[in-house]
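Under our numbering, the first residue of the sequence shown is numbered 1394, with each subsequent residue one higher.
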Amino acid sequence: MSQVKQGDTISVHYTGKLTDGTIFDSSYGRAPIKFTLGQGKLIAGFEKAVIGMKAGEKKTANIPFGEAYGPRQENAVVEMERKHLPQNFIPQVGQRLELTQEDNSNVLVTVTNVADQTITVDANHPLAGKDLTFEIEVVTIG
């Protein structure tokens, strides 16, 4: 039976958990995710974890934040004046926004604080700085 290697297109089911056991995502209940190893579509630690697995095999992989979404960057948390937001927009803590930067690139941010004149947004991935655990099941290879 073949084993997963770089360049293979595979489909997997997974459940992602924080170190305290909180589930942050799962593919169970929907279609498995399909991806090609080596294209960088998934976090490095997840791709590394499936190498050598066989179809039907299950395993638990502990992925340190350095191989997941990286460390939190405090300089990615910024305060901005509300006057720069659309006039009828009412920001709420926890809301995800897509902002256009000066170089016309887009960045996803999370609103972390709302004040009278300003809002604070965080451009870190919500899982940045967190070690993750994935329960992985390889469904198909090829």
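Just so it is clear, CB atoms sit at the ideal spot from N, CA and C, and this is done for glycine as well.
Every value quoted in this text rests on a predicted model; they were computed, and no experiment measured them.
Would you identify the three-state DSSP class for E1359, choosing helix, strand or coil? The structure shown does not extend to residue 1359, since the chain is modelled only from 1394 through 1535, so no value can be given for it.
Using a Cβ-Cβ cut-off of 7 Å (strictly less than) and excluding sequence neighbours within five positions of Q1480, which residues of its own chain qualify? By one-based count along the sequence shown, residue 1480 stands at place 87. Correct list: empty, nothing qualifies.
Span separating the alpha-carbon of Y1407 from that of F1417: Walking along the sequence shown from the start, residue 1407 turns up at place 14. Walking along the sequence shown from the start, residue 1417 turns up at place 24. Here the alpha carbon of Y1407 sits roughly 11 Å from the alpha carbon of F1417.
Would you please state the rounded distance, in angstroms, between the beta carbons of I1529 and A1442? I believe it to be under 8 Å. Start at 1 with the first residue of the sequence shown, and residue 1529 comes out as number 136. Start at 1 with the first residue of the sequence shown, and residue 1442 comes out as number 49. At roughly 6 Å, the Cβ-Cβ gap stays under 8 Å, so I1529 and A1442 are in contact.
Which residue marks the beginning of the alpha helix (DSSP H) containing K1528, and which one marks its end? Looking up residue 1528 in the sequence shown gives position 135. Residue 1528 is actually Glu in this sequence, not Lys. E1528 -> not in any alpha helix (DSSP H); beta strand (DSSP E) instead, spanning 1525-1534.
Which same chain residues, not among the five before or five after P1457, have their C-beta less than 6 Å away from its C-beta? In the sequence shown, the residue the question calls residue 1457 occupies position 64. Excluding sequence neighbours, P1457 sits near D1524.
Would you tell me roughly how many angstroms separate the C-alpha atoms of V1532 and I1483, rounded to the nearest one? Counting from one through the sequence shown, the residue named residue 1532 turns up at place 139. Counting from one through the sequence shown, the residue named residue 1483 turns up at place 90. If I take the Cα positions, the gap works out to 44 Å.
Specify the secondary structure class of K1476 as computed by DSSP and reduced to three states. Numbered from its first residue, the sequence shown carries residue 1476 at position 83. Of the three classes helix, strand and coil, the one that applies to K1476 here is helix, per DSSP.
Start-end ranges of the beta strand (DSSP E) lying completely within the segment 1408-1469, minimum 3 residues: List check, beta strand (DSSP E) in window: 1416-1419, 1426-1429, 1451-1456.
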